[in-house]
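All remarks here apply to the structure that follows.
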């Protein structure tokens, strides 16, 4: 059987179409959602003045202090505190220095929001909501790093990008040639 550009284009298009669909859907999602809202910046109370930091050799703040700082710096209601000391693959707090306090909070609508706080300075390091989790899932699908959702330099992304480019170029070429 003679493999022609047209039949090769047809089958490779079928193979790449799922990833092209995922790239398109995630790209549309990114363009319609403000990253500031995904990061939870709307929950932070704007501070005036200088940020006060504690020396690194001080002891950890206790739960009451952590809870008080969250109530002071955000519009969220802190409920529970967990200490995170071990990194977790693909976690909401990946890439952050440990240990961290995870303060489970609620917004005015009753949605659970996770706040990650430096246990020494009390600084809020990250705010994670269901909107952030969906964004993170879309990001993983977009960059084809389904486990860590960080590596934009992976083999799958490069391979599928070149296949998509070839498919598009062969489609343009075939447009001008009749059967």
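Numbering (our numbering), first residue to last: 370 to 548. Where is the CB? At the ideal position from N, CA and C, for every residue including glycine.
- For residue 468, which residues from the same chain have a beta carbon less than 7 Å from its beta carbon, with the 5 sequence-adjacent residues on both sides left out? 452, 453, 454 and 488
How would you label residue 458, buried or exposed, when you count the other beta carbons within 10 angstroms and need 16 or more for buried?
-> exposed
Our contact map puts residue 482 next to residue 493 with C-beta atoms below 8 Å; I'd like the distance itself, whole angstroms only.
With a Cβ gap of about 11 Å, residue 482 and residue 493 do not count as contacting.
> Excluding the five sequence neighbours on either side, which residues of its own chain have a C-beta within less than 7 Å of the C-beta of residue 536, listed in chain order?
Replying inline: 378, 381, 382 and 385
- Among all the DSSP beta bridges, which residues are the ones paired with residue 495? 485
Item to complete: Return helix, strand or coil for residue 441, following the three-state DSSP convention.
Response: helix
- Query: In whole angstroms, what separates the C-alpha of residue 547 from that of residue 398?
  - Reply: 37 Å
Can we say the region 436 to 446 touches the region 468 to 477, given the rule of at least three CB pairs closer than 8 Å? yes
- Query: Name the DSSP beta bridge partners of residue 549, please?
  - Reply: As shown, the chain starts at 370 and ends at 548. That puts residue 549 outside it, with no answer to give.
So, at 8 Å on beta carbons, what are the nonlocal neighbours of residue 449 in its own chain, with the 5 sequence-adjacent residues on each side left out? 472 and 473
Next item on the list: Identify the continuous alpha helix (DSSP H) that holds residue 460 and give its terminal residues.
Entry: It is not in any alpha helix (DSSP H) - residue 460 carries neither H nor E in the DSSP assignment.
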